[in-house]
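J.: Protein chains in written order, with the working numbering: chain A, 1 to 718; chain B, 719 to 897; chain C, 898 to 1006.
Positions of the beta carbon are idealized from the N, C-alpha and C atoms, including for glycine.
Below you will find the structure I want to go over with you.
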Amino acid sequence: MLDPQSPLVPTPDADHDWLWLIPALPLAASALCGALHYIEARKRLPKPAAGGHGHQGGHGHDAHAHAHDSHAHDSHAHDSHGHAAHHDDAHGGHGHEKTPAGVAAFAPFLAVASMLVAFALSLKGFFLLRAEGAPEAIRASNWSWIDTGSFPIDLTMHLDRLSSVMTLVVTGIGSLIFIYASGYMKGDKGYGKFFAFLALFAFSMLMLVLSSSLIGLFVGWEGVGLCSYLLIGFWYEKGWPAEAGQKAFVMNRVGDACFLIGSFLLAKTFFTLDMAMIAADTAGKLPEFGPKLFLAGLFLFLGACGKSAQLPLFTWLPDAMAGPTPVSALIHAATMVTAGIYLVVRLNPVFAASPELLTIVGVVGVLTAFIAGSTALVQRDIKKVLAYSTVSQLGYMFVGLASGAWAAAVFHLVTHAFFKALLFLGAGSVIHGMHEEQDMHKMGGLKKHMPATFITFMCGSAALSGLPLLSGFFSKDEILAHAFAHGGVYMGIWALGVATAALTAFYTWRMVALTFFGKERFDAAKTHPHESPIVMTLPLMVLAVLSVFGGLLGLPPVFHVAHALKEWLEPVTRAGDAIIAARGAHVLSHEVEWALLGLGSVVAIVFATLGFKKHVGGTQCDQSFAATRGRLHAFLSDAWTIDTKYTHWIVQPVKLLAFVIAVVFDQFAIDGLVNGVAGFAKSLGERTRRLANGKVASYGLWMGAVTAILVLVLIWNR
Amino acid sequence: MANALFYLMSVGAVAAALGTVLARNPIQCVLSLLASFFCLATIYLLAGFQFLAAAQILVYAGAIMVLFLFVIMLLNLGNPGTDDTTDTAMFRKKGAFVGVLVAAATMAAGATAVTAGALPEAAQAMPEHGIDEIPALAGEMFGRYLLPFEAISILLLATAVAVVVLAKRDRKDAPRKGA
Amino acid sequence: MTVPHEHLFILSAILFAIGTAGFFLRRNVIVVLMSVELMLNAANLAFLAASRMHTLQAGATQPSLEGPMFAIFVIVVAAVEAAVGLALVIALYRNQQTVDLEQVSALKN
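Below you can see the structure in the form of structure tokens.
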């Protein structure tokens, strides 16, 4: 067993109990917001005498939802070509009927306040760890959840350098998104409920990043999955959001099962579920338990694939765009989907232990990145472009992890959180201004109608496409450099990564061109696009600044400046780095580094310009592509038909099995058995009833017969 | 010779009993039963119970059977056309036949089992005036069995009253013509 | 008469069986009552046979009088029972116009 005095496994200390406040505050806010919503909803219940026309919020769209139902279930989310009627993906209650919020108007204040206080506490933790002579990690007092004697399952808040980065991201970006959402969701009849769910999500995510053991992490893991389901299906009256939520949840479940198997394997090997202890002890267990560590890592990676939407389990993320845009920004860009990355970095020695596992991670990551990137090229819905872009960038993060560049992956995580949240919020602003229109082919020339949104969106797009000196450039480049340095199979990964970078630049600027530039492809008299209120544009501006200057966190070594994030995370990644270094070091000479930086810049600039030029004129490029290369277009826009294959090969057979069990087994067999027992009792009763026929002679006969039998028995037994 | 008479009478008793149970017309049943009683009385006599034989004839054959006949005549059940043919069809059913056989066999077996090996010789000399001499009987009746004697006399009284009450015509029944 | 005692008992059993059969299986109430009389007679015969057995044991000094006594009481009770039963039959006939047991099933089900 590990020496518990190791610096990475701090002793629980009651002085640090304020750490428990960080997740607890959003939880309290969630409960209060829920209460406010409940009070409000009860007030709005239709009086028994009235016709029950209380809230029309989602009803007017029911006919629309029914029209959708006639299609196959999954064609909703994927058919972005030719499906013009998708503008209702946005609000259910907006634009048609605004419901005043009543007492629920206080909900955002509670939620934002809790998040801001949590952010302040995270800052406190950050500075605590930054001080001179500070420990590498601190823990709050222990809570013994299940005491089984030999295997105690304890839970405590563990703040180390990685956790502090994550909490800062979650609470910081979370606060901005909460502020944004208070403007975006105004007038929705579920206003209070929305913030209750958001705050609950914040609680789960904070539990996830602050827990010391895999069990606590799993609680958070499941919690974010639950909140994702609740929030994706927030406008469930429309029909398809509920299906999207269910799809997300079920796919996550598959990942969760793998996660559990992985943690069981780890528990068996290390006899503890405390992550710091596992990380510190891996090097010792490596020679003996190599294959087991490989399996554990593999299953944990599969769990991460579910949560972070990687190759086998990514099709839920585009469907999840059915939820409100702040949800997409928070959950599916900045926080929940990064949980997988966090898990891998936290347990980096386990993953570093087997090079085969790292190769698998890298291959899966880059393939996902490429597939998602190519799909984003042909999407018409602005949110879908961003969704596939998210999947693609997550793939990059996994490539970083595979190359052993843990800090690079976290760096990309942070910068991606900045610019992707910005892009989503900007898209939300556009959608809000365009009155729920999401089809880019119906936009155009918005830059003069929504200047603030336009500028911030440009900053975000520049960062995403990796234009030089912006945050995205540095993080993406660092990952690709590490992949290049690895050599071998990683060269192929590097090449595909560069191709994906090209695609990224292209589709990003295509999106910008179609949305903000060119002729207006809508009737300006009917839809009046307007800029969003300050409560929505302020967070955009903050995030824009971060996107532009966030690169300072991790400047490459050729600049002769320390890589701030890498140094900061060194204690966390030390163990994994050591294991990898034992297998041989990969170093890049300065010349190669400059060459790669140059290549990255060139690729980004060239393809960005290309994408922009081809689409600034309008939709002709898209339409000609769809016309001339129809099959390729269809293949790409359906995400390489992966989801349709899932529906065909997995969902339909399971439904068939369910039908068989429900009808054949349950109805025939079990109901038949139960009814048969009842029927038997009934027929037995009927037959026995004939005994009471009112005829004395018959009664006498029976009595006599039994008496004779009794006499016989008595004589026999004498 | 007494033995032969006994066996003859017992066959007669059984045959008459069968006749009672199997006859269709109630009058035939009564007459068969009467014959059975006569045979039984003879058996009692042969066994040395003279008083009982006489009592059997007087009471059973002379009073009870007459009562039965009275009632049958009263209810007009004795006409040849009125008996129900399904009455005895019952006996032709397999169950009845087997049942009776089993019952008889059981009882016979029981009888033999109970008495097997415990019976003394029957060749002892009979007491001179039979087993139930009247003085001895009277002595028992008014001696040891005084209470049962009184009880059955009350019983007879009660019966008389009961019969009158039970068989009385209800006041609402129309009185007979001319009465 | 030197008939073995068992034979008297067997005769009693046979008569009792026949009486039982008639009691259970005939539909006419009066015949049922007559079967009862037959059963009682069979019982009487059994009592007397037992009395004879006890009297004729080795060294029979006194006659065993329990048998005949009981037989007398049985006769009386049989008479009583026949009378009451027939009174009931008359009442039944007045009510239902039938003495067929198959048809008096008002207590059915």
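Do the region 873-881 of chain B and the region 978-988 of chain C meet, that is, are 3 or more Cβ pairs less than 8 Å apart?
T.: The region 873-881 of chain B vs the region 978-988 of chain C: in contact.
J.: Is the Cβ of serine 948/C closer than 9 Å to any Cβ of chain B?
T.: Position 51 of the third sequence, counting from 1, holds the residue named residue 948/C. True, the Cβ-Cβ gap to chain B drops below 9 Å.
J.: For serine 932/C, would you say it is in contact with chain B, using Cβ-to-Cβ distances shorter than 9 Å as the test?
T.: Here residue 932/C corresponds to residue number 35 of the third sequence, with the count starting at 1. It does; some Cβ of chain B falls within 9 Å.
J.: Residues in its own chain within less than 7 Å of alanine 134/A by CB, not counting five upstream and five downstream?
T.: Looking up residue 134/A in the first sequence gives position 134. Cβ within range, chain order: Leu128.
J.: Would you mind reading off the limits of the alpha helix (DSSP H) that contains alanine 329/A?
T.: Indexing the first sequence from 1 puts residue 329/A at position 329. First-last of the alpha helix (DSSP H) with alanine 329/A: 325-329.
J.: By how many angstroms is the C-alpha of methionine 397/A removed from the C-alpha of glycine 340/A?
T.: To locate residue 340/A, count along the first sequence from 1; it is residue 340. To locate residue 397/A, count along the first sequence from 1; it is residue 397. Distance between the alpha carbons of glycine 340/A and methionine 397/A is about 10 Å.
J.: Which residue or residues does DSSP assign as beta-bridge partners of arginine 139/A?
T.: Here residue 139/A refers to the residue found at position 139 of the first sequence. According to DSSP, which records beta bridges pairwise, arginine 139/A is partnered with His158/A.
J.: Quick one: residues in its chain with C-beta nearer than 7 Å to the C-beta of cysteine 227/A, no 5 flanking neighbours on either side, listed in chain order?
T.: Working through the first sequence from its first residue, we reach residue 227/A at position 227. Correct list, in chain order: Phe197, Leu200, Phe201 and Ser204.
J.: Within the continuous alpha helix (DSSP H) that includes leucine 260/A, where are the two ends?
T.: By one-based count along the first sequence, residue 260/A stands at place 260. Note, leucine 260/A: alpha helix (DSSP H), 240-270.
J.: CA-CA distance, phenylalanine 391/A and leucine 656/A?
T.: Mapped onto the first sequence, residue 391/A falls at position 391. Mapped onto the first sequence, residue 656/A falls at position 656. Correcting the residue identity first, residue 391/A is valine in this sequence and not phenylalanine. C-alpha separation (whole angstroms): 31 Å.
J.: For the alpha helix (DSSP H) containing arginine 631/A, name the first residue and the last one.
T.: The residue labelled residue 631/A in the question sits at position 631 within the first sequence. 630-637 is the extent of the alpha helix (DSSP H) around arginine 631/A.
J.: CB-CB under 6 Å to valine 364/A, same chain, minus the five flanking residues each way: which ones, in chain order?
T.: Reading the first sequence from its first residue, position 364 is the one you call residue 364/A. Cβ neighbours of valine 364/A beyond the five flanking positions: Gln310 and Leu311.
J.: Taking Cβ-Cβ distances shorter than 7 Å, what residues in chain A pair up with serine 1002/C?
T.: For the purposes of this step, residue 1002/C is taken as residue 105 along the third sequence, with counting starting at 1. Going along chain A in sequence order, the residues near serine 1002/C (Cβ under 7 Å) are Asn693, Gly694 and Lys695.
J.: If the cut is a Cβ gap below 7 Å, which residues of chain B does methionine 936/C touch?
T.: Taking the third sequence and counting its residues from 1, the one referred to as residue 936/C is at position 39. Those do not exist, as methionine 936/C stays about 10 Å from chain B at its closest Cβ, beyond 7 Å.
J.: Just how far apart, CA to CA, sit aspartate 62/A and glutamate 243/A?
T.: For the purposes of this step, residue 62/A is taken as the residue at position 62 of the first sequence. For the purposes of this step, residue 243/A is taken as the residue at position 243 of the first sequence. For aspartate 62/A, the pLDDT reaches just 40, beneath the cut-off of 50, and the residue's location in the model is therefore unreliable, although a value from the coordinates is still provided. Those two C-alpha atoms are separated by around 15 Å.
J.: Glycine 685/A CB to nearest chain C CB: under 9 Å?
T.: Within the first sequence, the letter at position 685 stands for residue 685/A. Not an interface residue.
J.: Give a yes or no on whether 9 Å exceeds the smallest Cβ distance from glycine 857/B to chain A.
T.: Residue mapping note: residue 857/B aligns to position 139 of the second sequence, counting from 1. No - not a single Cβ of chain A is within 9 Å of the one on glycine 857/B.
J.: Tell me which residue opens and which closes the alpha helix (DSSP H) that threonine 917/C is part of.
T.: Residue mapping note: residue 917/C aligns to position 20 of the third sequence, counting from 1. Start and end: 902-922.
J.: Helix, strand or coil for asparagine 941/C per DSSP?
T.: By 1-based counting over the third sequence, the position of residue 941/C is 44. Of the three classes helix, strand and coil, the one that applies to asparagine 941/C here is helix, per DSSP.
J.: Expressed to the nearest angstrom, what Euclidean distance is found between the alpha-carbon atoms of leucine 723/B and proline 744/B?
T.: In the second sequence, residue 723/B corresponds to position 5, counting from 1. In the second sequence, residue 744/B corresponds to position 26, counting from 1. Leucine 723/B and proline 744/B: Cα-Cα distance of roughly 29 Å.
J.: CB-CB under 7 Å to glycine 400/A, same chain, minus the five flanking residues each way: which ones, in chain order?
T.: Counting from 1 along the first sequence, the entry for residue 400/A is found at position 400. Once the five neighbours on either side are set aside, the close Cβ partners of glycine 400/A are Ala408, Ala409, His412, Ile479 and His482.
J.: Any contact of the region 602-618 of chain A with the region 452-467 of chain A, i.e. 3+ C-beta pairs under 8 Å?
T.: A contact exists between the region 602-618 of chain A and the region 452-467 of chain A.
J.: How would you label lysine 526/A, buried or exposed, when you count the other beta carbons within 10 angstroms and need 16 or more for buried?
T.: Your numbering for residue 526/A matches position 526 in the first sequence. It is exposed - the Cβ of lysine 526/A has fewer than 16 other Cβ atoms within 10 Å.
J.: If contacts are defined as beta-carbon pairs under 8 Å, then methionine 536/A and glycine 183/A qualify, I think. What distance do you get, rounded to the angstrom?
T.: Position 536 of the first sequence, counted from the start, is the residue given in the question as residue 536/A. Position 183 of the first sequence, counted from the start, is the residue given in the question as residue 183/A. Rounded, the Cβ-Cβ distance is 4 Å, consistent with contact.
J.: Between the C-alpha atoms of proline 12/A and serine 144/A, what's the straight-line distance to the nearest angstrom?
T.: Looking up residue 12/A in the first sequence gives position 12. Looking up residue 144/A in the first sequence gives position 144. Rounded to the nearest angstrom, the two C-alpha atoms are 12 Å apart.
J.: Would alanine 765/B pass as a contact of alanine 946/C if the rule is Cβ separation under 9 Å?
T.: Counting from 1 along the second sequence, the entry for residue 765/B is found at position 47. Counting from 1 along the third sequence, the entry for residue 946/C is found at position 49. In contact: alanine 765/B and alanine 946/C (Cβ atoms closer than 9 Å).
J.: By the three-class DSSP mapping on this structure, what secondary structure does proline 10/A have?
T.: Here residue 10/A is taken as the residue at index 10 of the first sequence, counted from 1. Coil, per DSSP.
J.: Can you list, in chain order, the residues of its chain with a C-beta nearer than 7 Å to that of methionine 166/A? Leave out the 5 residues immediately preceding and following it.
T.: Indexing the first sequence from 1 puts residue 166/A at position 166. Counting only Cβ-Cβ distances below 7 Å, and skipping sequence neighbours, we find Val209 and Tyr342.
J.: Using a Cβ-based criterion (distance less than 8 Å to any ligand heavy atom), does leucine 751/B qualify as near the ligand HEM?
T.: What this structure holds is no ligand at all, so the ligand HEM is not there to describe.
J.: Do three or more CB pairs link the region 905-921 of chain C to the region 734-754 of chain B at distances below 8 Å?
T.: Contact between the region 905-921 of chain C and the region 734-754 of chain B is present, because at least three Cβ pairs lie under 8 Å.
J.: In angstroms with no decimal places, state the Cα-to-Cα distance between glycine 220/A and alanine 376/A.
T.: Taking the first sequence and counting its residues from 1, the one referred to as residue 220/A is at position 220. Taking the first sequence and counting its residues from 1, the one referred to as residue 376/A is at position 376. Those two C-alpha atoms are separated by around 30 Å.
J.: Below 7 Å on C-beta distance, what does leucine 712/A contact in chain B?
T.: In the first sequence, the residue the question calls residue 712/A occupies position 712. The contacting residues are Thr824.
J.: Name the residue from Ile455/A, Ala120/A and Asp15/A whose alpha carbon lies nearest to the alpha carbon of histidine 158/A.
T.: For the purposes of this step, residue 158/A is identified with residue 158 of the first sequence, where counting begins at 1. Checked all of Ile455/A, Ala120/A and Asp15/A; the closest Cα to histidine 158/A is Asp15/A.
J.: For the alpha helix (DSSP H) containing glycine 576/A, name the first residue and the last one.
T.: On the first sequence, position 576 is the one that residue 576/A refers to. 570-581 is the extent of the alpha helix (DSSP H) around glycine 576/A.
J.: Determine which residues share a DSSP beta bridge with isoleucine 493/A and list them.
T.: Here residue 493/A is taken as the residue at index 493 of the first sequence, counted from 1. For isoleucine 493/A, which the question treats as bridged, DSSP gives no partner whatsoever.
J.: Is the CB of isoleucine 870/B under 9 Å away from at least one CB in chain C?
T.: The residue given as residue 870/B occupies position 152 in the second sequence. Chain C contact via Cβ: present.
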